[in-house]
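Scroll down for the structure; my scribbles are underneath it.
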């Protein structure tokens, strides 16, 4: 029982990180139908900038805030200088642009920071908690709580605010949204800022547990994308559930089979979802009238 609870707590913790990343994917997808593969680099930057600012002597909360703000600004810059000029291009071309942005950010981080692995102190100290025989780091509670708070905030944003509904309207039909007075350029800018900020938050919360380096972004992006696909791309509820499920699948695979196959679990899930359930767990089935 204690062994199972240990694997469960580990899976829920890393799943919360994947859920935050999947929520970032969801925001961009809802606004533009684009899958932003630079999302993992936002996570990396959240951790790296916080580490650098903290190492420079700033208080940890201020360092984390600076990391989130700077990463959100970078998200806006990517939209302004890379996505918007190519707005009329096919969606596949826009996705390739986000992959190029990911490679560029990774290279720049390697030059600006370094190639070493870094971390910073946990928010509530390093003394672990014991629950049903499992040892749980207090930072895990911050990660899980952060994912739930972000999910609730996004759910309220999309369902209870005019601005959130404007995001959904832009996704459904950009031209129609413009005709009814929605500033779709601002919606896209806001979406990239939110997505990047949430990614940075994931990096800030996860780094005391998972550590951070310039090249961790691609792994986070693929796991977050797997979670978004599993839950149903574009559905915040699905992103949350899918992220947690990917984390649990990884933890149980590592615990009961072998850690060698842990990294393959997310990719197997993507393939199974694409073959058997393309709409995901919470995605809506679409019908095409001919």
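In this note's numbering, the protein residues as written are 11 to 300. All residues carry an ideal CB built from backbone N, CA and C; glycine is no exception. Small disclaimer: the values here were computed from a predicted structure and weren't measured.
Check                                                                                           : Outcome
Contact check, residue 153 vs residue 26, beta carbons under 7 Å                                : yes
Selected residue, minimal CA-CA separation from residue 277, among 198, 192, 101, 234           : 234
Environment of residue 89 [buried if 16+ CB atoms lie within 10 Å]                              : buried
Length-filtered (3 minimum) beta strand (DSSP E) runs lying within the region 182-261           : none
The region 187-205 touching the region 61-70, judged by at least three CB pairs closer than 8 Å : no
Residue of 18, 24, 13 minimising C-alpha distance to residue 218                                : 24
For residue 55, three-class secondary structure by DSSP                                         : helix
C-alpha distance - residue 61 paired with residue 222, whole-angstrom precision                 : 9 Å
Three CB pairs or more closer than 8 Å across the region 205-214 and the region 24-43           : yes
Delimiting residues of the beta strand (DSSP E) encompassing residue 140                        : 139-141
C-alpha gap between residue 299 and residue 275, whole angstroms                                : A caution first: residue 299 carries a pLDDT of 40, below 50, which makes its placement in the model unreliable, though a value can still be read off. For residue 299 and residue 275, the distance between alpha carbons rounds to 36 Å.
For residue 122, the nearest candidate out of 155, 224, 128 (CA to CA)                          : 224
N- and C-terminal bounds of the alpha helix (DSSP H) containing residue 144                     : First-last for residue 144: 144-146, but that is the beta strand (DSSP E), not the alpha helix (DSSP H).
Given 8 Å, three or more beta-carbon pairs between the region 251-266 and the region 74-91      : no
Whether residue 212 touches residue 78 by CB criterion (7 Å)                                    : no
Neighbour-count burial assignment, residue 28, 16 or more Cβ in a 10 Å radius                   : buried
Whole beta strand (DSSP E) elements within the region 55-140, 3-residue minimum                 : none
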